[in-house]
Structure formats: C-alpha cells, structure tokens
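Below: one structure, written as structure tokens.
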Amino acid sequence: MEKYEKYSRYYNENSFWVKIKKLAGKASSSLLYYALVLYYCLISNEVSIKNKSLIIAALGYLIIPIDALPDFIPALGLTDDLTAIMLVYNKIKGSLTPDIERKAKSKVNDLTASLSGHKEADF
110 MEKYEKYSRY YNENSFWVKI KKLAGKASSS LLYYALVLYY CLISNEVSIK NKSLIIAALG
170 YLIIPIDALP DFIPALGLTD DLTAIMLVYN KIKGSLTPDI ERKAKSKVND LTASLSGHKE
230 ADF
C-alpha cells in the first residue's frame with residue numbers, strides 16, 4: 110500500500126468529479142461504484158483518519174493521467190486503477206455504512222442513466 114501513498118498529492122475533489130464523469134462513459138459500473146464508495150467514506154465522519162489517508166492515495170492514483178497502465182489503453186487501461194481502488198476498499202470495508210453504499214449506488218445510477226437514458230447499474 111505504501112507505493113500508492115505518493116499519489117495522495119494528486120487528489121482533489123474537483124479533479125475526482127471530472128475523472129468520474131469521464132469514466133462514466135467508458136468504465137465499468139463496478140469501478141465507478143467502488144471509487145464512489147471510497148469518496149463517500151472520505152467525506153464521512155465515521156471513517157478514521159488512517160483510512161482516509163489510504164482513500165486519498167487510491168483516489169489520487171485514479172485521477173493521475175499517467176500511471177502503470179495509462180487509461181487510454183483499451184481493455185487494460187483501468188485495471189491498475191481498479192486494483193488500487195479494491196486494495197483500499199478491502200482494507201476499509203469495515204467502515205462502510207449502509208448510507209455510504211446507498212449514496213454510491215445512487216450516484217452510479219444517476220451517472221449511467223444520464224448517459225444511457227435510463228439504465229440502472231447492477232452491482
């Protein structure tokens with residue numbers, strides 16, 4: 110996990126939302142969902158500072174334009190991003206609340222519906 114902490118400096122809320130909106134058209138709903146779960150954990154009062162620092166690193170890695178597998182590579186470009194997100198998700202999932210999960214699902218559905226007209230994501 111330490112290797113991802115250097116990516117914390119790339120995280121900011123505006124860049125996160127820009128990236129999420131770009132990903133909504135090309136990424137799996139799973140990547141969107143888990144990234145949004147981490148985001149809602151980050152802004153929650155229920156999550157420890159230690160876990161928030163891990164979240165910031167993972168979201169920073171998601172945001173950075175050039176990483177281990179650049180995002181523009183078809184079928185592979187986002188696998189490293191998903192791996193980073195899932196590593197942190199698995200470490201912090203004990204901090205999840207039903208409200209965080211509900212917010213993430215709702216936001217994914219909003220994003221995918223705005224692109225496809227009415228499709229609801231399946232998790």
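Numbering (our numbering), first residue to last: 110 to 232.
Beta carbons: idealized from backbone N, C-alpha and C, even for Gly.
Own chain partners of residue i with C-beta closer than 8 Å, once the 5 adjacent residues on each side are dropped
i      : result
Ser157 : Ser204
Best match in the options for proximity to residue i [C-alpha to C-alpha]
i      : options                           : result
Leu196 : Leu187, Glu210 and Ile164         : Ile164
Phe125 : Glu155, Lys159, Gly169 and Asp190 : Gly169
Ser162 : Thr188, Ile194, Leu140 and Lys131 : Ile194
Asp190 : Ala136, Asn123 and Glu122         : Ala136
Tyr198 : Asn123, Arg118 and Leu151         : Leu151
Residue range of the unbroken alpha helix (DSSP H) whose run includes residue i
i      : result
Val127 : Glu122 to Leu132
Val197 : Thr188 to Ile201
Beta-carbon contacts of residue i that lie in its chain and below 6 Å, excluding the five residues immediately before and after
i      : result
Phe232 : Its pLDDT being 48, under 50, Phe232 is placed unreliably by the model, and nothing is read from it.
Residues near residue i in its chain [Cβ-Cβ closer than 7 Å; skip 5 each side]
i      : result
Lys128 : Leu171 and Ile172
Tyr120 : Ile165, Leu168, Gly169 and Ile172
Supposed close pair residue i, residue j - CB separation, criterion 8 Å
i      : j      : result
Leu187 : Leu145 : Leu187 to Leu145, Cβ: 15 Å. No contact.
Lys64  : Tyr149 : The structure shown does not extend to residue 64, since the chain is modelled only from 110 to 232, so the question has no answer here.
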